[in-house]
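Asks: Numbering (this note's numbering), first residue to last: 157 to 535. Where a beta carbon is used, it is the ideal one built from N, C-alpha and C, also for glycine. No experiment lies behind these values; they were computed from the predicted model shown. Sending over a structure as structure tokens; questions will come in a sec.
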Ligand code: MG
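Written out as structure tokens, the structure is:
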């Protein structure tokens, strides 16, 4: 029996993780955490009977403790750390958004718990620190993101001696065929219509600017210890090939499947083994063509900028991430226009002096400063 803790169990990946574990008979839920959606968390507690939970606020923690007096209930960032300090679990699924879970993940790595990682910020902002620790403690970090899972499934090991280039596929988002002029007028409703994947709002906007793909390049760099020059982005609108690996002998291996997160979530939980899946069949793309294009870096300047921030290292990925996230929420709240997202991000990057080899505290401080800058900025 494997005991699982899910950080962010009420979000899109968290809910799908529970659907996956429902289908696996040797997994049980040890801990669940959420931000504010305690209504759903209460339902999940009744169904899965976890031993520990954590919520964002002390008030919500009290409410849950009143309903479930025998349950260990924690709250806030420290609550997440308290959960990972409990030694009675095997796998930590990190499906929170933002940086709240980063310190807890570092603790879980020290405690040698397998990390199934869906959260982007962990590697984007603190990839050097996280991977150095994972190597030191020999803790596996298994990606849940479909592209990184695809790469892992192609090389089936973190020892990538024979791999030459990693090719990360991108659907291209909803604006692939639109001009920059047309993009000016796009609203959050247009940008939320993702052609292939059904995901949270923030990541869907990141797909429409292709920032998401840049962030995935940074994650791949850390996860697989690959140089940026050997990580390529390729537009593949059908989203059936989830990424591929080019080997030194000229051979390419690709991983394909229906665009469903259940598959990479399950692979992360059962790695390196496989188990009967819940979304199988009806995949073979009869009479469909698979297209591959080079990305248009001029039309999507944030893709280029994100990769450049990755190459610069230091605090630049954290600056980019914080500026982008704040700008995306402004766009979702209809405070700014679509192309203002990139304007705000470029503006913060230009103003920043990089700090190389930052501490985790410096990374957090950078995140805080950039978010504050964007609160007051006038366009
Ligand atoms: Mg992805």
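Helix or strand or just coil, what does DSSP make of residue 283?
Replies: DSSP places residue 283 in helix when its eight states are reduced to three.
Asks: So, under 8 angstroms CB-CB, residue 384 and residue 401 are touching, yes? Tell me the CB distance rounded to an integer number of Å.
Replies: Wrong, their Cβ atoms sit about 16 angstroms apart, outside the cutoff.
Asks: Can you name the start and end residues of the beta strand (DSSP E) that residue 187 belongs to?
Replies: First-last of the beta strand (DSSP E) with residue 187: 183-189.
Asks: Can you give me the start and stop residues for the beta strand (DSSP E) that residue 230 sits inside?
Replies: Counting along the chain, the beta strand (DSSP E) containing residue 230 begins and ends at 228-231.
Asks: By the DSSP assignment, the alpha helix (DSSP H) with residue 394 in it spans what residues?
Replies: Looking at the DSSP string, residue 394 is not in any alpha helix (DSSP H), and its letter there is neither H nor E.
Asks: Any chance you could list the beta strand (DSSP E) runs of at least 3 consecutive residues sitting entirely within the region 300-342, in chain order?
Replies: The qualifying runs are 319-326.
Asks: Rank 334, 280, 530 by C-alpha distance to the C-alpha of residue 491 and give the top, closest one.
Replies: Nearest option by C-alpha distance: 530.
Asks: Given a cut-off of 8 angstroms, decide if residue 454 and residue 365 are closer than it, judged by their beta-carbon atoms.
Replies: Cβ atoms of residue 365 and residue 454: not closer than 8 angstroms.
Asks: Does the contact criterion of 3 or more C-beta pairs under 8 angstroms hold for the region 164-179 versus the region 235-254?
Replies: Judged by Cβ distances under 8 angstroms, the region 164-179 makes contact with the region 235-254, as three or more pairs qualify.
Asks: Which residues end up in the neighbourhood of the ligand MG when you take C-beta atoms closer than 7 angstroms to any of its heavy atoms?
Replies: This criterion selects 301, 302, 303, 368, 372.
Asks: Since residue 247 is in the beta strand (DSSP E), which residue starts that stretch and which ends it?
Replies: 247-250 is the span of the beta strand (DSSP E), which, as asked, contains residue 247.
Asks: Quick check on residue 616: buried or exposed, where buried means 16 or more other Cβ atoms within 10 Å of its Cβ?
Replies: Because the chain spans 157 through 535 in this model, residue 616 falls outside it and cannot be assessed.
Asks: Pick out whichever of 480, 198, 181 has its Cα sitting closest to the Cα of residue 188.
Replies: Answer by Cα proximity: 198.
Asks: Determine the burial state of residue 442: buried for a count of at least 16 other Cβ atoms within 10 Å of its Cβ, exposed for fewer.
Replies: Looking at its Cβ environment, which holds fewer than 16 other Cβ atoms inside 10 Å, residue 442 is exposed.
Asks: Name, in chain order, the residues that DSSP records as bridge partners for residue 162.
Replies: Answer is 188, 249, bridged to residue 162.
Asks: What is the residue span of the alpha helix (DSSP H) that residue 472 lies within?
Replies: First-last of the alpha helix (DSSP H) with residue 472: 472-488.
Asks: Can residue 395 and residue 420 be called in contact, C-beta distance under 8 angstroms?
Replies: Contact: no.
Asks: Taking C-alpha atoms, which residue in 211, 425, 218 lies nearest to residue 192?
Replies: Among 211, 425, 218, the Cα nearest to that of residue 192 is on 211.
Asks: Locate the beta strand (DSSP E) running through residue 367, then write down its first and last residues.
Replies: Here residue 367 belongs to no beta strand (DSSP E); instead the alpha helix (DSSP H) covers 367-380.
Asks: Inspect the CB distances between the region 504-517 and the region 466-475 and report whether three or more fall short of 8 angstroms.
Replies: They touch, by the three-pair rule.
Asks: What span of residues does the alpha helix (DSSP H) with residue 461 cover, start to end?
Replies: Start and end: 457-468.
Asks: Would you report the Cα separation of residue 482 and residue 272, rounded to the nearest angstrom?
Replies: About 26 angstroms.
Asks: Expressed to the nearest angstrom, what Euclidean distance is found between the alpha-carbon atoms of residue 517 and residue 525?
Replies: When rounded, the distance between both Cα atoms is 12 angstroms.
Asks: Could you please give me the residues that DSSP links to residue 387 through a beta bridge?
Replies: Beta-bridge pairing links residue 387 to 322.
Asks: May I have the straight-line CA-CA distance separating residue 226 from residue 186, to the nearest angstrom?
Replies: Roughly 14 angstroms between the two C-alpha positions.
Asks: Return the bridge partner residues of residue 203 from the DSSP annotation.
Replies: Bridge partners of residue 203: none, in fact.
Asks: I need the boundaries of the alpha helix (DSSP H) containing residue 426, first residue and last residue.
Replies: Residues 418-426.
Asks: Pick out whichever of 214, 409, 168, 328 has its Cα sitting closest to the Cα of residue 249.
Replies: That would be 168, whose Cα lies nearest to the Cα of residue 249.
Asks: Using only the alpha-carbon positions, how far apart do residue 297 and residue 307 sit?
Replies: C-alpha separation (whole angstroms): 14 angstroms.
Asks: Buried or exposed: which applies to residue 446, given that a residue is buried once 16 or more other Cβ atoms fall within 10 Å of its Cβ?
Replies: Flag for residue 446 reads exposed.
Asks: On the premise that residue 379 lies in contact with residue 459, defined as a C-beta separation below 8 angstroms, what is that separation, rounded to the nearest angstrom?
Replies: Between residue 379 and residue 459 the Cβ distance is about 19 angstroms, and since that is not below 8 angstroms, they are no contact.
Asks: Go ahead and label residue 428 buried or exposed: buried means 16 or more other beta carbons lie within 10 angstroms of its beta carbon, across all protein chains shown.
Replies: The residue is exposed, with fewer than 16 neighbouring Cβ atoms inside 10 Å.
Asks: Among 325, 412, 289, 332, which one has its Cα closest to the Cα of residue 376?
Replies: Selected option, being the one with the closest Cα: 325.
Asks: Let me check one thing: in DSSP terms, what residues is residue 272 bridge-paired to?
Replies: Partner(s): 249, 298.
Asks: Can you check which of these residues, 157, 214, 173, is closest to residue 422 by C-alpha distance?
Replies: Looking at the Cα atoms, 173 is the closest of the given residues.
Asks: Is the Cβ-Cβ distance between residue 276 and residue 371 less than 8 angstroms?
Replies: Cβ distance < 8 angstroms, so residue 276 and residue 371 count as in contact.
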